[in-house]
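Encoded as structure tokens, the structure appears first; notes follow it.
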Amino acid sequence: MAEGTRPILELVGVNKSYGDTQVLTDISFPIRSNEFITLLGPSGCGKTTTLRILAGFERPDSGDVLFEGASLLDVPPFKRRLNTVFQRYALFPHLDVFENVAFGLRLRKTPEAEVKARVAAALKTVDLDGYGKRWVDQLSGGQMQRVAIARAIVNGPEILLLDEPLGALDLKMRKEMQIELKDMQKRLGITFVYVTHDQEEALTMSDTVVVMREGVIQQVGSPTDVYNEPRNAFVADFIGESNILPARMEKDFEIAFAGHRFACVDRRRAEADVDVVVRPEDIVLAPPVEGGLNGVVTSVVFKGVHYEMIVECDGTEWMVHSTDQAAEGDRAALVFGPEDIHVMDRSPFSPDAHGILPADLAGRAARASADEGDPDR
Amino acid sequence: MRLRWLAYPYVLWTVVFTVAPLLLVAWFAFTAVQPDGSSAFTLDGFRSIVAGDRVPLDLLGLQEVFGLTVGVPLYVNVFVKSLQIALLSTLACLLFGYPAAYLLARRRARQRGGTDLLLLLFVIPMWMNALLRTYAWLALLEPNGIVNTVLAAVGLPKGQFLYNDFGIGLGMVYNYLPFMVLPIYSVLVKVDRSLVEAAEDLGADRRRVFTRVVLPLSMPGVMSGVNMVFMPAMTTFLIPNLLGGGRYMLIGNVIERQYMIARDWTTASALSIVLLVFVLASMRFMTRYEKGNEGGGVLL
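Here the protein sequences line up with chains S and L, keeping their order.
Its first residue numbered 1094, the first sequence is counted upward by one per residue in the numbering used here.
Its first residue numbered 108, the second sequence is counted upward by one per residue in the numbering used here.
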């Protein structure tokens, strides 16, 4: 759906700083009509600030925001044809559910009969028929979230901005709402710009993912692209579990890392220093073989669907996901195919010889997934 | 609830200092001391409120409306007059106080923490004794006071500021303004910034953000501000005594005079009871308007 359609909204070279802190650096990407685009990154990566610039609550220091080719910068929020679903819902506590949803329509002096019909339709869309008379404080988190969505979509916006809308919900509710949101987006044909720090959420729902770190875009691509072809070690590490190692291209289709040579599917300049990522689920444990990548299983953790195992080979810890259980202390060879080796350019996030990522990088990612719903300013 | 005993001292406190005095007032209102020193039940106190000499009803300084004069008992007239002054002062406090509270809350939002000097300046007068502050106004507004001296110096006619509705009203607004500003301010600073953004996002310009979101959300603060100004304005005797020069009668100083000068405790207590019931009823009336009164208002 993402390809081929015109960009409806576009950020061009946007910079933003608060005092001495640069929060956005040269942010440029197009948002195409009817796509589900997700800004993904750890807290403090600038994703919420980007969204607030789109909504008009913040003004960039430089750069431009184009809506159908025309600059939006001098258009105040109340005149922009997009609506926002806020992180903590921001429902009006002095109004009941019906009036919350009707808020935007009433501002535009919509006839009463039409208000009634459209609010009813919006509440139906979010599965809240008959909740109109309830007060906001009588709703559960999931219901408040639905009201917030109804309040936005009732105005028929061309673009819906969603700021970590599922952040305050429990896991089961999140999963349900993810599917519902995606479904709603397809049905309504609205462009969704979605902000989250949850990589799984981003991969599940999006047509396009924009991975950000400390105000800089790391990669823009489809979920499959960013997962399978991460552009650097940060993206590989942030999106899913991964084994990341420094490597060296020997020649086209041949690469050396972890003290061994492997066939791969990439062409690069010979003798180029690169990083590789091998996903834990792509590795198979086999009986040790002469000349293979042999190691010792040091930890086995049952994760429900699979076992998460750590295998130590020559001082490097490899993470392996498998439905077959090994025992701690077992000796095993790590086996993976050429297509499982993803080659990435060197970056400031590159790991050391043992696959240990720079401390601040790993720390940030870990913290981001730990504190849910943290406002990222 | 094992700590219930912790509440006992407060129960004792309210019994000794609120319940008992109220019962005493009620006792005095319904009894009169007989010549032999004993007390007997009587309704004379209440009777004298509605009896007494008839005077023309004073409405906003007018005693005549369309050539009509309504004769009412003296006490009723004083009561109506007190009510008018109290309502007007409350209205004036609201008109001055709301914008002040709004500006202070905006400054607060921009500063993010720290003490606001402007807010401090608003509050500092409250740390001073009301008597002193009111005396200060006397010095300012006297016929030969500072204001008139300045007016005379620039060639303007002197004004009569004291001993009239203006002086009393000014004294009330000055004394009670902080009681209006602070409750509204404390509600406004708590209004979630994201609600304002949500309203903007849904198409509200600044004016309508205010009328549709900020103002309705600040109503609990307005209500408690109105209560906190109206109640003392209705019952004060200090301000009319000082700024009225002893000639200006509001219900508060009528009661004071009945107790302290006329020594007619029966009538004074009966008036107090009527005033108390009236104030409680009007508070009740105002708080009923509010759904979910969360603004730290006076709940009744």
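Glycine residues also receive a C-beta, built at the ideal position from the N, C-alpha and C atoms.
Only a predicted model underlies this, so the values are computations on that prediction, with no experimental measurement involved.
Give me the residue from the options with the minimum Cα distance to residue i.
i       : options                               : result
P1380/S : V1428/S, E1343/S, E1401/S and G1408/S : V1428/S
V1304/S : V1116/S, N1127/S, I1101/S and L1132/S : L1132/S
V185/L  : L169/L, S325/L, L195/L and I358/L     : I358/L
D1417/S : E1374/S, G1139/S, D1366/S and E1128/S : E1374/S
E363/L  : P180/L, A375/L, Y355/L and R354/L     : A375/L
D1119/S : G1225/S, D1154/S and V1389/S          : D1154/S
V159/L  : D165/L, V177/L and V183/L             : As written in the sequence, residue 159/L is Gly, which differs from the Val given in the question. That would be V183/L, whose Cα lies nearest to the Cα of G159/L.
R1174/S : L309/L, L295/L, N334/L and M287/L     : L309/L
E1128/S : Y1320/S, E1343/S, S1315/S and A1425/S : S1315/S
K1279/S : L1262/S, D1300/S, K1268/S and H1290/S : D1300/S
P163/L  : P128/L, K188/L and G144/L             : K188/L
T138/L  : T149/L, E249/L, S145/L and L166/L     : T149/L
Q365/L  : F385/L, F344/L and V384/L             : F344/L
R314/L  : P1186/S, V1240/S and F1171/S          : F1171/S
L181/L  : S379/L, V361/L and R395/L             : V361/L
P1123/S : R1439/S, D1157/S, T1114/S and G1139/S : D1157/S
L1104/S : L1200/S, R1125/S, G1112/S and F1350/S : R1125/S
N251/L  : L166/L, L269/L, C200/L and S293/L     : L269/L
I1151/S : M393/L, E307/L and V296/L             : According to the sequence provided, residue 1151/S is Glu. The question's Ile does not apply to it. The candidate whose alpha carbon is nearest that of E1151/S is E307/L.
N1193/S : P1169/S, A1243/S, G1234/S and E1207/S : A1243/S
K1202/S : V157/L, A311/L, V329/L and V386/L     : A311/L
T1114/S : A1425/S, G1308/S and V1319/S          : G1308/S
L247/L  : L175/L, K265/L, L190/L and M330/L     : K265/L
Using a Cβ-Cβ cut-off of 9 Å, state whether residue i counts as contacting chain L.
i       : result
R1201/S : yes
T1177/S : yes
F1160/S : no
D1169/S : Correcting the residue identity first, residue 1169/S is Pro in this sequence and not Asp. Answer yes: the Cβ-Cβ gap between P1169/S and chain L drops below 9 Å somewhere.
D1467/S : Any reading at D1467/S must be qualified, since the residue scores a pLDDT of 42, below 50, and its modelled position is unreliable; no value is offered.
L1296/S : no
R1244/S : yes
I1172/S : Strictly speaking, residue 1172/S in this sequence is Lys, with Ile absent from that position. Taking Cβ atoms only, chain L reaches closer than 9 Å to K1172/S, which makes this a yes.
Q1180/S : yes
A1183/S : yes
P1123/S : no
N1248/S : yes
E1186/S : According to the sequence provided, residue 1186/S is Pro. The question's Glu does not apply to it. Cβ-Cβ to chain L under 9 Å: yes for P1186/S.
Pull up the CB-CB distance for residue i and residue j, whole angstroms please, since I reckon it's below 8 Å.
i       : j       : result
H1414/S : E1432/S : Incorrect: roughly 17 Å between the Cβ atoms, too far for contact.
I1252/S : V1286/S : 6 Å
A1245/S : T1177/S : 7 Å
N1336/S : G1408/S : Contact doesn't hold; Cβ gap of about 14 Å is too wide.
R1361/S : V1436/S : 6 Å
V1371/S : I1434/S : 6 Å
N282/L  : T241/L  : 7 Å
F1185/S : F1196/S : 7 Å
V1390/S : A1419/S : 5 Å
E1293/S : L1259/S : That belief does not hold up - the Cβ atoms of E1293/S and L1259/S are roughly 11 Å apart, past 8 Å.
L198/L  : G274/L  : That belief does not hold up - the Cβ atoms of L198/L and G274/L are roughly 17 Å apart, past 8 Å.
Using a Cβ-based criterion (distance less than 8 Å to any ligand heavy atom), does residue i qualify as near the ligand HEM?
i       : result
D1263/S : This structure simply doesn't include the ligand HEM, nor any ligand for that matter.
Would you kindly report the start and end of the unbroken alpha helix (DSSP H) that includes residue i?
i       : result
M1277/S : L1264 to L1281
G1077/S : Since the first residue of chain S shown is 1094 and the last is 1470, residue 1077/S is not available in this structure.
I156/L  : D151 to V157
S1392/S : That residue, S1392/S, is in no alpha helix (DSSP H); its beta strand (DSSP E) goes L1386 to F1395.
A246/L  : A237 to L248
R1244/S : G1234 to I1246
A147/L  : Where A147/L is concerned, there is no enclosing alpha helix (DSSP H), although the beta strand (DSSP E) it sits in stretches over S146 to F148.
S293/L  : D272 to L295
Determine, using beta carbons only, whether residue i comes closer than 9 Å to chain S.
i      : result
R315/L : yes
P290/L : no
D312/L : yes
V320/L : yes
What are the boundary residues of the beta strand (DSSP E) that includes residue i?
i       : result
W1411/S : T1409 to S1415
L1117/S : T1114 to R1125
V386/L  : Premise fails: V386/L lies in the alpha helix (DSSP H), W372 to R395, not in any beta strand (DSSP E).
Q408/L  : Since the displayed chain L opens at 108 and closes at 407, residue 408/L lies outside it and no answer follows.
N251/L  : Per DSSP, N251/L belongs to no beta strand (DSSP E) and is neither H nor E.
G1314/S : V1309 to G1314
A1195/S : First-last for A1195/S: V1190 to L1200, but that is the alpha helix (DSSP H), not the beta strand (DSSP E).
S301/L  : Note, S301/L: premise wrong, no beta strand (DSSP E); alpha helix (DSSP H) at R300 to D308.
Of the residues that make up the stretch 296 to 308 of chain L, which ones have a beta carbon closer than 8 Å to any beta carbon in chain S? D299, S301, L302, E304, A305, A306, E307 and D308
Against chain L, which members of the stretch 1142 to 1156 of chain S pass a CB distance test of less than 7 Å? A1148 and F1150
Below 7 Å between beta carbons is the criterion; list the residues of the stretch 373 to 400 of chain L that meet it against any residue of chain S, in chain order. none
Contacting positions in the stretch 1259 to 1286 of chain S - beta carbon closer than 8 Å to chain L: none
Can you give me, in chain order, the residues of the stretch 323 to 355 of chain L that have a beta carbon less than 7 Å from any beta carbon in chain S? P323 and L324
Quick one, which residues of the stretch 1191 to 1223 of chain S are near chain L if we go by CB-CB under 7 Å, in chain order? F1196, G1197, L1200 and R1201
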